[in-house]
Amino acid sequence: MSTSTTSPVSGTETTPALVSGDGPSSRFAEFWAPDSADHRPLARLTALLACLALLGGAALVLVHPGLNPLHVARVPLIATAWAAFAAAAWQLRAVAVRLAVGLIIAGGIALQVAAISAPPADSTDSYRYIWDGRVQAAGIDPYLYPPAAAGVAQLRNDFLWPPVPADRLHLCPHALVSKQGAAFSRVAGCSRIGRVGVPTIYPPVAEGYFLAVQAAAPADDNSLPIQAAGAACATLTTLVLLFGLRRLGRDVRLTALWAWCPTVLLEAGNNAHVDSLAVLLTAVSLLVLARARTEGKAMLGGALLGLAIATKMTPVLVVPGIVRRAWQHIAVAAGAAIVVVYMPHLMTVGSRVIGFLPGYLNEQGYSSGTGFAIISVVAPGKLAIVAAGALLAAIALAILKFGDPDQPWRGGVLMTAAALVICTPEFQWYALLLVMLVALDGRPEWLALAAGGYLADNRHLTATLLLPHAQFVGYAGGAAIVGAVTIRRYWRSRRAYRGSGKLTDAPAVKVAGSTRGRASADERGFERSGEPRRATVVSGPTAVHPRPMITIGTDGAPAFASSSEGSQVLPPAYRECIG
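Residue numbers (the numbering used here): 268 to 846.
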């Protein structure tokens, strides 16, 4: 567990691991290291609160159309929210850690309350969640009937199936006789639920979540219970990140990248997407696996990851970053968890458990290749599918080979970001997983992809100006920002490392239970084989030879220096040998 120190000038607590400048982790945390001592803490705090107020105000206008008398388009409002979020996160860097934790929690809760103060603004998914919960509460498997089927017509209520004037009935699905039987025939009616003619698409853990919310607070006349559940998942994820970052010795202020992010407010809170539960389970799983040194912990982390995948498919993207350590135990536990939650539905409805997934892939253009907005520019049609698969496979293999099992979220960031850029989904809530991974990793530039996702689903820049090729522009623009910042960060870190004159860290030597330098491969517990290895222990006196640092003297001859000896000119014989 990390310790913090307090600046005598500003009273600002800092984390030594983040400001020391030693090791690669500090390069990625430079965003959070203030350039100098904070001489105006009150002014900084005032500016931070003003930014949070602006973020909350933008969220309120986005979810309450009545607060937008000028009818400003969503894109400018969302851009305002992202700008306020970025400014608030920037100001938080130099706020004392204890105060920052309070601001993160209180600010996150207040922003979620603002987000759920109105019905879902631009998604109908929450109404499907409510319907699936009602169906299960009646003892019917949610994968059996579409919402419009006669077999579940008795479960309709005026909230999900509101009466409409007769002159608008043409907007509602008409009755349709099904070849599968009378119970599957469509009953006419208007509904808030999207795609009433197809079965649900959500995996079993998500369906269990819908049932739990329905049992705890039946949503007979509003969507607040399912929205509150989504906000609760987001808040629990905030607490998990605070705890996890502290245990990792990282700056807990990184949690603000999740707690205050507009994507989290609008998609986890207001639109109540079940992705928030999948992200919560994934965060806990990664934190367990990052420090798994026993079979039990590896299997626990794997089981949690399996439950996350059985909530929403997106957490499968973090798998390449975790399987370098104890992959057999993780695979067995994750597979067992998935089988356990799917088995009751398989026994009841058989292959219907797949739901609307094939139809959804076809609807989004992934079956024809048109859904890959960036790749299809150079590889149209079915060729785009092949190219997308090859790129994702190559990136996954690279993460598998070079990824750090102690920091699995780093590979998760790359894999999830690559999936967003390659697949260019139309819906911005798929970036919720990326936002959580960025908070663990500490490189905020990757959030540009989450922001770019809003362009994909909101093409109207103004009431009259339409953005062409919105999916391409949104994700390609986000990728360009990530690339530019990454290159700048790389060259800046190289210059800083060269200027410091430091060489690589000394190899680890374990002396009577203590480790100096980096941990060796044998000391990291589970490795590729999945079996724990015994750490090498050297008992008794051990000579530790510091690595020499080669310099060039004034006479052009090489010299060496170490931490224990002064610079020494090499002997003449050595100088003659090397010319």
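Note that beta-carbon positions come from the ideal geometry of N, C-alpha and C, so glycine has one too. Predicted model only: the values in this text are computed from it and were never measured.
Asked	Found
When you compare only the Cα positions, how much space is there between L659 and M682?	8 angstroms
How should Q494 be labelled, buried or exposed, when 16 other C-beta atoms within 10 angstroms of its C-beta is the threshold for buried?	buried
Is the beta carbon of F426 closer than 8 angstroms to that of D487?	yes
Less than 7 angstroms between C-beta atoms, sequence neighbours within five positions excluded: which residues of the same chain meet that for V541?	Y396, Y469, A473, Y476, T578, K579
If you run the structure through DSSP and keep just helix, strand and coil, what is R513?	helix
Here's the rule: buried if 16 or more other CB atoms are within 10 angstroms of the residue's CB, otherwise exposed. What is Y757?	exposed
In three-state terms, what does DSSP make of R761?	helix
Output the boundary residues of the alpha helix (DSSP H) element that contains T729.	Taken as a continuous stretch (DSSP letters only), T729 belongs to no alpha helix (DSSP H), as it is neither H nor E.
Mind checking whether L512 and L521 have CB atoms under 8 angstroms apart?	yes
Assign R677 to one of three DSSP states: helix, strand, or coil.	helix
With DSSP as the reference, please indicate the residues paired to L667 in a beta bridge.	Partner(s): none; L667 has no beta bridge.
Under a Cβ-count criterion, where at least 16 other Cβ atoms within 10 Å of its own Cβ denotes burial, should I621 be classed as buried or exposed?	exposed
What is the residue span of the alpha helix (DSSP H) that P430 lies within?	P430 -> no alpha helix (DSSP H), and no H or E assigned at all.
What are the boundary residues of the alpha helix (DSSP H) that Q403 is part of?	392 to 404
Give me the Cβ distance between G461 and T391, rounded to the nearest whole Å; I'm assuming they're in contact under 8 angstroms.	4 angstroms
What is the rounded straight-line gap between the Cα of A598 and the Cα of G569?	7 angstroms
State buried or exposed for F669, treating a residue as buried only when at least 16 other CB atoms are found within 10 Å of its CB.	exposed
Under 8 angstroms by Cβ, that's how I've got T691 and I641 pegged, so tell me the actual separation to the nearest angstrom.	6 angstroms
Quick check on A361: buried or exposed, where buried means 16 or more other Cβ atoms within 10 Å of its Cβ?	buried
For the alpha helix (DSSP H) containing P625, name the first residue and the last one.	624 to 630
Need the endpoints of the alpha helix (DSSP H) that P471 sits in, please.	471 to 483
Checking the sheet assignment: what are the DSSP bridge partners for L714?	Looking at the DSSP assignment, L714 forms no beta bridge with any residue, so it has no partner.
Assuming V555 contacts K564 (C-beta within less than 8 angstroms), just tell me the rounded distance between them.	6 angstroms
For A706, I'd like the list of residues in its chain whose CB is within less than 7 angstroms of its CB, leaving aside the five on either flank, ordered along the chain.	L508, L521, T522, L524, W525
Taking just the CA atoms, how far does A718 sit from L443?	41 angstroms
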